[in-house]
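Note that the numbering used here has the sequence shown beginning at 2, numbered continuously upward. Glycine residues also receive a C-beta, built at the ideal position from the N, C-alpha and C atoms.
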Amino acid sequence: MLELADTLEKKDELIIIYDIAKKNITDDSSLKFLVEELYPILYQNNRYLEIYENMDLLASARDLVDRWNELGKIESAKKSIRGKLVEYKVVLESLKDIDKTKEIEKLIAVLDQ
């Protein structure tokens with residue numbers, strides 16, 4: 002999907018790609034895609050509900066973070082991902098979703114290790 006977005010050269014079009022492919026975001030790049038690419042665009046376009054609805058995709062992301070740590074790939078993405086996760090934690094707190102907020106806190110803790 003990121004290759005397609007690069008071809009389109011317009012980040013806003015990621016929303017269109019996402020709308021078509023959201024049920025297929027399951028590979029190892031899902032955390033990076035969600036946090037670095039998709040969520041910021043949804044955030045900028047005031048599509049907070051979609052960020053909120055798709056936070057459950059991050060529930061399994063701890064495994065991805067652990068794998069990235071093992072492969073030595075986490076350092077380059079860690080700062081960006083952590084910053085975005087903190088932003089989404091604030092959104093979730095404002096929506097009073099304690100369970101998903103706790104998931105985000107767990108991810109942040111993993112990144113802080």
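Collapsed DSSP secondary structure at D72 in the structure displayed: The sequence position of residue 72 within the sequence shown is 71, counting from 1. Per the sequence presented here, residue 72 reads as Leu, with Asp not at that position. In the structure shown, L72 sits in a helix (DSSP, three-state: H, G or I).
Applying the criterion that 16 or more other CB atoms from any shown protein chain within 10 Å of the CB defines a buried residue, is L108 buried or exposed? Residue mapping note: residue 108 aligns to position 107 of the sequence shown, counting from 1. Counting of Cβ neighbours within 10 angstroms places L108 among the buried residues, the total reaching 16 or more.
How would you call I105, buried or exposed, if buried means at least 16 neighbouring beta carbons within 10 angstroms? What you label residue 105 is simply residue 104 of the sequence shown in a count that begins at 1. Under the 10 Å beta carbon count, I105 is surrounded by 16 or more other beta carbons and is classified as buried.
Close Cβ partners of D112 (< 7 Å) along its chain, the five nearest in sequence each way excluded: Reading the sequence shown from its first residue, position 111 is the one you call residue 112. First, the amino acid is wrong: residue 112 is Leu here, not Asp. Within the same chain, and ignoring the five residues on either side of L112 in sequence, the residues whose Cβ sits closer than 7 Å to its Cβ are V66, K79, I82, R83.
Measuring straight from C-alpha to C-alpha, what distance separates E94 and N70? Counting from one through the sequence shown, the residue named residue 94 turns up at place 93. Counting from one through the sequence shown, the residue named residue 70 turns up at place 69. Distance from the CA atom of E94 to the CA atom of N70, rounded to whole angstroms, is 28 Å.
Assuming K101 contacts P41 under a Cβ cut-off of 8 Å, what Cβ separation, rounded to an integer in Å, is found between them? Here the question's residue 101 lines up with position 100 in the sequence shown. Here the question's residue 41 lines up with position 40 in the sequence shown. No, K101 and P41 are not in contact; Cβ-Cβ is about 18 Å, not under 8 Å.
Through-space distance from A110 to I99, alpha-carbon basis: As a working mapping, residue 99 is identified with position 98 in the sequence shown. As a working mapping, residue 110 is identified with position 109 in the sequence shown. Answer to the nearest angstrom: the Cα atoms are 16 Å apart.
Residue burial classification, V91 (beta-carbon count within 10 angstroms, cutoff 16): What you label residue 91 is simply residue 90 of the sequence shown in a count that begins at 1. V91 is exposed by the Cβ-count criterion.
Please state whether DSSP places K97 in a helix, a strand or coil. Your numbering for residue 97 matches position 96 in the sequence shown. Note: K97 maps to coil in three-state DSSP.
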